[in-house]
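**Student:** Below is a structure I'd like to ask you about.
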Amino acid sequence: MEWDFSKIKVGQMINVQAYKHNGYLYRQWNDAKVIFHNKRHIVLFLKNTVVAEYEKDINGWRYNENAIWFIPKNSFYNAIVLLKDQGAYYYINMASKPIFEDGTIKFIDYDLDVKCYPDRDLQIVDREEFNIHSRMMSYPSKIKENIYEELKSIMILYNDYKYFFSEDVINYYLEVLYKDKLISDKSIEKFVRSNRKKYNEEISMFASIKKRY
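FYI, the numbering for the sequence shown is 769 to 981, going by my numbering.
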């Protein structure tokens, strides 16, 4: 089934809901700002977005840091990139493809997360939770196959510096945020300086290895 995302407009505030496979609403993001939207994906900005955690029965918490959320329409994952002074922190949720109904973006969360922090490799976390819920909620084999295949796709994106792992892509959205006055030039400068330092260190490392051989 093809969902109609045409009512999602750049500049509007929107809510996002994450469900479990059994239909339980466990998390909601309130007032995320749409900063980009095309046939491929929706991109949101999460600064000051309030998150309600229904599973943990807490009042919720707020994004105090700049964060970009990439929600591809035809992939079984979505990715939140926290723009910290130390660099980009990636939180990738393995999930169903998103739908849009009742003015809200919705998806099913499938437990597994991929995390990537500066100076650390990718980590797949919550595997035990995935295995438990898979048995409890009887995840269909096709869904599990899709999740496993998408994990491979994420590894390829990471190794090839593609999509949200690309410095150019992140810098493009930094420029969008700056033009919309959603982020300060000081924040951009700190983030870019940190990322560039890491990138230059990697180039130096590869150059050193090449000299040895």
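We put the CB at the ideal spot given by N, CA and C, even for glycine. Please read these numbers as outputs of a predicted model, since none were measured by experiment.
According to DSSP, is K949 part of a helix, a strand, or is it coil?
**Tutor:** Start at 1 with the first residue of the sequence shown, and residue 949 comes out as number 181. Reduced to three states, the DSSP call for K949 is coil.
**Student:** What's the C-alpha gap between Y878 and D953?
**Tutor:** Position 110 of the sequence shown, counting from 1, holds the residue named residue 878. Position 185 of the sequence shown, counting from 1, holds the residue named residue 953. Roughly 37 Å between the two C-alpha positions.
**Student:** Tell me the DSSP bridge mates of E821?
**Tutor:** The sequence position of residue 821 within the sequence shown is 53, counting from 1. According to DSSP, E821 bridges with R795.
**Student:** Return the first residue and the last residue of the beta strand (DSSP E) that N846 is part of.
**Tutor:** The residue given as residue 846 occupies position 78 in the sequence shown. It spans Y845 to K852 - the beta strand (DSSP E) in which N846 sits, taken as one unbroken run.
**Student:** Classify M923 as buried or exposed, calling it buried when 16 or more other Cβ atoms lie within 10 Å of its own Cβ.
**Tutor:** Here residue 923 refers to the residue found at position 155 of the sequence shown. Exposed: under 16 other Cβ atoms inside 10 Å.
**Student:** Who are the Cβ neighbours of N787 in its own chain at under 6 Å, not counting the five residues just before and after it?
**Tutor:** The sequence position of residue 787 within the sequence shown is 19, counting from 1. As written in the sequence, residue 787 is Tyr, which differs from the Asn given in the question. Answer for Y787: L793 and I876, listed in chain order.
**Student:** I need the straight-line Cα distance from G871 to L812, nearest angstrom please.
**Tutor:** Position 103 of the sequence shown holds residue 871. Position 44 of the sequence shown holds residue 812. The straight-line gap from Cα to Cα measures roughly 15 Å.
**Student:** Looking at the structure shown, is H805 part of a helix, part of a strand, or coil, going by DSSP?
**Tutor:** The sequence position of residue 805 within the sequence shown is 37, counting from 1. In this structure, H805 counts as strand in the three-state DSSP scheme.
**Student:** Do the region 907 to 926 and the region 879 to 898 meet, that is, are 3 or more Cβ pairs less than 8 Å apart?
**Tutor:** At 8 Å Cβ cutoff, the stretches touch.
**Student:** Just tell me which of W797, N842, G828 and A856 has its CA closest to the CA of I1010.
**Tutor:** An answer regarding residue 1010 cannot be provided, because it is not within the stretch 769 to 981 covered by the chain.
**Student:** With DSSP as the reference, identify every bridge partner of I924, one or two as the case may be.
**Tutor:** Your numbering for residue 924 matches position 156 in the sequence shown. None; I924 has no bridge partner.
**Student:** Which first and last residues belong to the alpha helix (DSSP H) in which E897 is found?
**Tutor:** Here the question's residue 897 lines up with position 129 in the sequence shown. First-last of the alpha helix (DSSP H) with E897: R895 to M904.
**Student:** Leaving aside the five residues before and after E821 along the sequence, list all residues of the same chain whose C-beta is less than 7 Å from its C-beta, in chain order.
**Tutor:** Within the sequence shown, residue 821 is the residue found at index 53, counting from 1. Same-chain partners within the cutoff: R795 and G828.
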